[in-house]
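K.L.:
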Amino acid sequence: MTDVLPNQTNRAIVEKEEMYRNIVEYSVEAIVIHVDYEIVYINESGAAFFRASKELLIGRDVLSVFQPASHEMIKKRIQKGMTGNELAPLIEEKVIRADGTTVEVELYCRPVIFGDRKAMQTVFRDISIRKETEKILRDREKLASIGQITAGIAHEVKNPLTAVKGFLQLLKESHSHPYLQTMENELDKALMTLQNLLQVSKPDLQDEPLVPIYFYKELESLMLLFQDKLYNVEVEMDLRDPEKWILGKKNLYLKAFFNLIKNALEAISEKGKIKIIHYCENQWIHIQVTDTGVGVPKEKLNMLGTPFFSSKADGTGLGLTQVYTTIHEHGGHISVDSKLGEGTTFYIRLPVNR
Ligand SMILES: Nc1ncnc2c1ncn2[C@@H]1O[C@H](COP(=O)(O)OP(=O)(O)OP(=O)(O)O)[C@@H](O)[C@H]1O
Ligand SMILES: [Mg+2]
Numbered sequence: 139m140t141d142v143l144p145n146q147t148n149r150a151i152v153e154k155e156e157m158y159r160n161i162v163e164y165s166v167e168a169i170v171i172h173v174d175y176e177i178v179y180i181n182e183s184g185a186a187f188f189r190a191s192k193e194l195l196i197g198r199d200v201l202s203v204f205q206p207a208s209h210e211m212i213k214k215r216i217q218k219g220m221t222g223n224e225l226a227p228l229i230e231e232k233v234i235r236a237d238g239t240t241v242e243v244e245l246y247c248r249p250v251i252f253g254d255r256k257a258m259q260t261v262f263r264d265i266s267i268r269k270e271t272e273k274i275l276r277d278r279e280k281l282a283s284i285g286q287i288t289a290g291i292a293h294e295v296k297n298p299l300t301a302v303k304g305f306l307q308l309l310k311e312s313h314s315h316p317y318l319q320t321m322e323n324e325l326d327k328a329l330m331t332l333q334n335l336l337q338v339s340k341p342d343l344q345d346e347p348l349v350p351i352y353f354y355k356e357l358e359s360l361m362l363l364f365q366d367k368l369y370n371v372e373v374e375m376d377l378r379d380p381e382k383w384i385l386g387k388k389n390l391y392l393k394a395f396f397n398l399i400k401n402a403l404e405a406i407s408e409k410g411k412i413k414i415i416h417y418c419e420n421q422w423i424h425i426q427v428t429d430t431g432v433g434v435p436k437e438k439l440n441m442l443g444t445p446f447f448s449s450k451a452d453g454t455g456l457g458l459t460q461v462y463t464t465i466h467e468h469g470g471h472i473s474v475d476s477k478l479g480e481g482t483t484f485y486i487r488l489p490v491n492r
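Residue numbers for the sequence shown follow this note's numbering, so the first one is 139 and each next one is one higher.
(1) With DSSP collapsed to three states, give me the class of Met-139.
(2) What residue range does the beta strand (DSSP E) around Glu-167 cover?
(3) So Leu-398 and Thr-464 are supposed to be a Cβ contact under 8 Å. How far apart are they, rounded?
(4) For Ile-421, count neighbouring Cβ atoms within 10 angstroms of its own Cβ and tell me buried if that reaches 16, exposed if not.
(5) According to the neighbour-count rule (16 or more other Cβ atoms, all chains shown, within 10 Å of its Cβ), is Lys-387 buried or exposed?
(6) In three-state DSSP terms, what is Glu-155?
(7) Got a sec, what are the start and stop residues for the beta strand (DSSP E) Leu-315 sits in?
(8) CA-CA distance, Glu-272 and Leu-195?
(9) Alpha carbon to alpha carbon, how far is Trp-383 from Ala-451?
(10) At the level of alpha carbons, what is the spacing between Arg-149 and Met-157?
(11) In whole angstroms, what is the alpha-carbon distance linking Thr-255 and Arg-263?
(12) What residue from Met-220, Ala-236, Lys-409 has the CA that sits closest to Tyr-246's CA?
(13) Hey, how far is the Cα of Ile-486 from the Cα of Leu-336?
(14) Return yes when the Cβ of Thr-260 is within less than 8 Å of the Cβ of Val-166, no when it is not.
(15) Which stretch, first to last residue, makes up the alpha helix (DSSP H) that contains Ala-402?
(16) Can you tell me which residues form a DSSP beta bridge with Glu-527?
(17) Alpha carbon to alpha carbon, how far is Ala-186 from Ile-251?
(18) Tell me the rounded alpha-carbon separation between Pro-489 and Leu-348.
(19) Decide if Ser-476 is buried, meaning its Cβ has at least 16 other Cβ atoms within 10 Å, or exposed.
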């Protein structure tokens, strides 16, 4: 009876240790333990996060996962963390994974005892989705406020111009003069620009009914409109999931995809390729429009969608504003990836109805 108890206690301790080990091992957080910067332990989520096997990661210098510019700062934090008992405040950093991709993380460090050694535990939390959502919201707010201002101005300027046009017509009836027709033509152009601006900056003004739209079919038909411009351009259509549809304002959408394809074609000066992809995943319809055109300089990427931003001599800079506002109005997302001299891809995600 006397030696049964210690055995039971021992077993209980071993079981508890196993339980805690499993909690850390299978935690959803990526946990790394390092001694003197050398990684001595990494859990399952950690290995998956860094896209490498545990064997490859254990023994590596923990600083090597950070960008060189951050090494000194991280080193100081680890040194400070090892001496103090407080949990260092969370920081946001970029780390490099085994496959070379970088990802934004939130991380905190805390000293722990590992075996019999004093070690440091670092927890990495992937915040790339949160960052992307924050950026989308910021861009959307920016676009919404620009849209409101431009719509306000367009409205104010359009009314007096329409009055001038009315008087000009009256004048034409009583006095004929060759300049009057030129004046009217120029006025019509100005009014058309304002009308376009109003349309793109306030798409909700258009009370088009919501109808089921099968993009699979519409994208094919849209391409036909560009037949005469496809002389030097190869078109690849990878359209899947034809039965999926969304409820939306069809004319706005057709105009939006027309604008995207038109931009793609205009970006290709000589020979090139346009690829259109359509598929459904996780209740979203994904549409991608890729071209092998001139691309957009990195510092200009943020400007895409802003009214009147154009690099073309005869461009209005309203095409993409219409695209962005249409997608956002329908609860969708749009993002762009571009490399100067290589090409551009617009990624669109729309909530599916079936
Ligand atoms: N596929 C693309 N490749 C390279 N640059 C692009 C692409 N799409 C848009 N851009 C850039 O974004 C700018 C704005 O595009 P947007 O469609 O709003 O206006 P635009 O094409 O200049 O004029 P409009 O659409 O009135 O003809 C373009 O002038 C171009 O610089
Ligand atoms: Mg355009």
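Ideal placement from N, C-alpha and C gives every residue a C-beta, glycine not left out.
P.N.:
Let me lay it out:
(1) Reliability fails at Met-139, whose pLDDT of 46 lies under 50, so the model's placement of it is uncertain and the value that follows must be treated cautiously. Correct three-state label for Met-139: coil.
(2) No beta strand (DSSP E) holds Glu-167; DSSP gives it neither H nor E.
(3) With a Cβ gap of about 10 Å, Leu-398 and Thr-464 do not count as contacting.
(4) Note on residue identity: the sequence assigns Gln, not Ile, to residue 421. Exposed, because fewer than 16 other Cβ atoms sit within 10 Å of the Cβ of Gln-421.
(5) Taking every protein chain shown into account, the CB of Lys-387 has 16 or more other CB atoms within 10 angstroms, so this residue is buried.
(6) helix
(7) A quick correction: the sequence has His, not Leu, at residue 315. Note, His-315: premise wrong, no beta strand (DSSP E); not H, not E.
(8) Looking at the two C-alpha atoms, the distance is approximately 32 Å.
(9) 37 Å
(10) Between Arg-149 and Met-157, the C-alpha separation is close to 12 Å.
(11) Checking the sequence, you will find Arg at residue 255 rather than Thr. Arg-255 and Arg-263: Cα-Cα distance of roughly 25 Å.
(12) Met-220
(13) 23 Å
(14) no
(15) Residues 388 to 405.
(16) Nothing about residue 527 can be read from this structure; the chain reaches only from 139 to 492.
(17) Between the alpha carbons of Ala-186 and Ile-251 lies a gap of roughly 24 Å.
(18) So the two alpha carbons sit approximately 14 Å from each other.
(19) Counting Cβ neighbours within 10 Å, Ser-476 comes out buried, since at least 16 surround it.
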